[in-house]
Amino acid sequence: MHGLIRSVWYEPRSPNAPRRVWRDWVLVGVLLPVALLEGVVRPDMPSRVISVSLAVGLVPTLLWRRTQPLLMVMIAFGVSGVAQVLTGGDSPESNTMIYLLLLPYALFRWGSGREAIIGLTIILAKATCSMVVDYPGPADTAAAFAVVFSVVAVGAAFRYWTRARTRELDQVKLLEREQLARDLHDTVAHHVSAMAIRAQAGLATAASRPDAATEALQVIEAEAAQALAEMRAMVHVLRRNVPADLAPGRSIADLSQLESPGQSGPSVQVEIGGDTVGLSPSVEAAIYRLAQESVTNARRHARHATRVLVRVSADARSVRLSVSDDGDPVRPAGTPGYGITGMIERADLLGGTCAAGPNPDRGWSVTAVLPRTGVAR
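In full-length UniProt numbering, the protein residues as written are 1 to 377.
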């Protein structure tokens, strides 16, 4: 138990807490007139002036509930306790003040573990004092505590669900980096092998053809320059310690394998156009992996799809991939899946872009644009 409390105490804040969004201003703009209106239509409200002033005055705490959750809890529940003393022990009964439940939610959703423990202690202390001076009965007391703990549980659940999803997304990105490292390994190994072969050829023919050594050195220089460029890309990509193995890389020529008739689901048609000669091997491997993932997703998820079209076109600066199906119209997902996240990560690492979404009429499309050289960011 001591270890659990200690781990919660040192829990850091949730990252990327939004400061204020448009919904916060709308909420404040709605609550202020509602609190005033309640004071007008409820003449029987106990300590009406204090209750309405409290309901109106504490509304701005919602604007800082994510960035300063503990401070807002201290202000809101501290001021509520003082107001109860000023009213002679009667709790202000403004229904509008239900919005204060957003503060403990935000505390457990965005605050650190230390802030959550301190804030929950303040909330429970205020609730206990309210029961002592104005006991509402066992049923109301149990209901009030149940509501508070439910809000706290929801905030904690969203916090840890978000953290779990972030870890899964990081794992997807890590796997993409690992696969890209394998492809880059193949590229560098290809250049090194070419240099070794040319060096051996130059040595073997140097006696009979003196100019052969010069030609070999020129080829070796070009291959070495390309290998160094690919090595720099690998260093940029492998910002984490990702192992690479000797798995063979893929190329644009392998896209024809996606048309395998033995696969279930819609048929796949591959069209390749433009100048695809001289593309960086890492870019060719990325195009294949992106197309493979897109076709797999179409076969699994495109309802009533009969055809998947894979188009690859290249120009002097970039290569473009488009994968689209003719499945039923779909609604855009609020959060991209892990497969799409991995594709976006792979394209970004090579200095390109990747986007996925529904077509205007029906079906789904994935579009990626990569530079021919595949320079990593």
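All C-beta atoms in this analysis are idealised placements derived from N, C-alpha and C, irrespective of residue type, glycine included.
**Study point:** Enclosing alpha helix (DSSP H) for Arg48 [first to last residue]
**Key:** 48 to 57
| message | In whole angstroms, give me the CA-to-CA distance for Trp9 and Thr87. | response | 36 Å
In terms of alpha-carbon separation, which member of Ala196, Asn359, Leu175, Asp328 lies closest to Leu349?
Leu175
*asked:* Which residues does DSSP list as the beta-bridge partners of residue 383?
replied: No information on residue 383 is available, as it lies outside the stretch 1 to 377 that the chain covers here.
| Residue burial classification, Tyr160 (beta-carbon count within 10 angstroms, cutoff 16) | exposed
In three-state DSSP terms, what is Pro243?
Confidence at Pro243 is low in this model, with a pLDDT of 40, below 50, so the placement of that residue should be treated as unreliable; the coordinate-derived value is given next. Coil.
So, at 7 Å on beta carbons, what are the nonlocal neighbours of Arg303 in its own chain, with the 5 sequence-adjacent residues on each side left out? Gly327, Asp328
**Message:** Looking at chain D, is there any beta carbon in it that lies within less than 8 Å of the beta carbon of Leu58?
**Reply:** Absent from the structure: chain D. Only one protein chain is present.
- Task: Assuming Leu36 contacts Val21 (C-beta within less than 8 Å), just tell me the rounded distance between them.
- Result: With 8 Å as the limit, Leu36 and Val21 do not qualify as a contact, their Cβ atoms being about 24 Å apart.
Q.
Let me confirm a value: Trp25 is counted as buried when at least 16 other C-beta atoms fall within 10 Å, else exposed. Which label applies?
A. exposed
Taking all protein chains shown into account, do 16 or more other C-beta atoms lie within 10 angstroms of the C-beta of Pro281, making it buried, or fewer, making it exposed?
buried
Using the beta-carbon count (16 or more within 10 Å), is Asn95 buried or exposed?
exposed
Margin query: Residues in the same chain with beta-carbon distance under 7 Å from Ala17, minus the five sequence neighbours each way, listed in chain order, please.
Written below: Arg66, Thr67, Trp110
If residue 421 and Gly274 are in contact, beta carbons under 8 Å, what's the gap, nearest whole angstrom?
Within the shown structure, residues of the chain are numbered from 1 to 377, placing residue 421 beyond reach of any answer.
- Task: Please confirm if the region 35 to 50 is in contact with the region 108 to 124, defined as three or more CB-CB distances below 8 Å between the two stretches.
- Result: no
> To which residues of the same chain is Glu38 closer than 8 Å at the C-beta, ignoring the five residues directly before and after it?
Replying inline: Met45, Val52, Ala55, Ser94, Asn95, Thr96
Beta-carbon separation of Ala316 and Val308 under 8 Å? no
query: The alpha helix (DSSP H) with Ala116 in it runs from where to where?
result: 113 to 133
Q) Between Ile122 and the rest of its own chain, which residues show a CB-CB distance below 7 Å, the 5 nearest in sequence each way excluded? A) Val73, Met74, Phe77
Quick one: grab the DSSP three-state call for Leu370.
-> strand
Is Pro358 helix, strand or coil by DSSP?
strand
- Which partner residues does Val308 have in the DSSP bridge list? Val268, Asp325
_Option nearest Ile266 by Cα separation, candidates Arg289, Leu279, Thr296_ = Before going further, note that residue 266 is Pro rather than Ile in the sequence given. Among Arg289, Leu279, Thr296, the Cα nearest to that of Pro266 belongs to Thr296.
### Query
When the distance is taken between beta carbons, is Asp325 closer than 8 Å to Ala356?
no
To the nearest angstrom, report how far apart Ala347 and Arg372 are at their CA atoms.
-> 12 Å
Rounded to whole angstroms, what is the Cα-Cα separation between Leu70 and Leu107? 6 Å
With distance defined between alpha-carbon atoms, name the residue in Arg289, Gly342, Val219 nearest to Ser256.
Arg289
Considering only C-alpha positions, which residue in the set Asp170, Leu63, Thr276 is nearest to Leu370?
-> Thr276
Rounded to whole angstroms, what is the Cα-Cα separation between Arg19 and Leu62? 11 Å
Residue range of the alpha helix (DSSP H) that Leu37 falls in?
22 to 41
Classify Val319 as buried or exposed, calling it buried when 16 or more other Cβ atoms lie within 10 Å of its own Cβ. buried
**Q.** DSSP three-state assignment for Thr353, whether helix, strand or coil
**A.** strand
Quiz item: Pick from Val283, Pro358, Gly278, Thr367: whose alpha carbon is nearest that of Val310?
Solution: Thr367
Q. Less than 7 Å between the CB of Val40 and some heavy atom of the ligand FMN, yes or no?
A. Questions concerning the ligand FMN fall outside what the structure shown contains, since it holds no ligand whatsoever.
Q | Short Cβ contact (8 Å threshold) for Val133 with Gln84 | A | yes
Same chain, Cβ closer than 6 Å to Cys354, neighbours up to 5 away in sequence not counted
Met343, Ile344, Ala347, Ala368
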